[in-house]
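Mapping to UniProt numbering: the sequence shown position 52 is 52, numbers consecutive.
Quick reminder that beta carbons are idealized off the backbone N, C-alpha and C, glycines included.
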Amino acid sequence: MAQQQNPQVQQAVQAAEQAQQAVQQAQASADPQQLQQAQQQLQQAQTTLQNAQNQAGTAAQQDPQLQQAQQQLQQAQQAQQNQATQQTQQNNQQQ
């Protein structure tokens, strides 16, 4: 890797990965509270990513790790929304 790794980019990538894991765990448990926490973690990870991109400039925006992290976050958020929708439907059926 000739490209110097930006510590902020790395932090953002880690945050994205952790958020994704949190989502997966929350989905497995189907615990609404855990889902909520995962959602917050996702949003924080996204903010971290955005900041890393803004501060590291154009070079970092081309960073494959950053782009991958962003895709991961989007996928996690999609999964999160699907789960939340299912949860709502289940709750409605229970009433």
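Going along the chain, which residues of its own chain have a beta-carbon closer than 6 Å to the beta-carbon of Gln-72, five neighbours each way excluded?
-> Answer for Gln-72: Ala-16 and Gln-20, listed in chain order.
Closest by CA to Leu-49, which one among Gln-86, Gln-18, Asn-82 and Thr-88?
-> Gln-18
Can you tell me where the alpha helix (DSSP H) with Ala-22 in it begins and where it stops?
-> 7 to 29
Rounded Cβ spacing between Gln-81 and Leu-66 (contact assumed at less than 8 Å) = The Cβ separation is near 23 Å, so there is no contact.
Keeping to the same chain, check which residues put their C-beta closer than 7 Å to that of Thr-47; ignore five residues upstream and five downstream.
-> none
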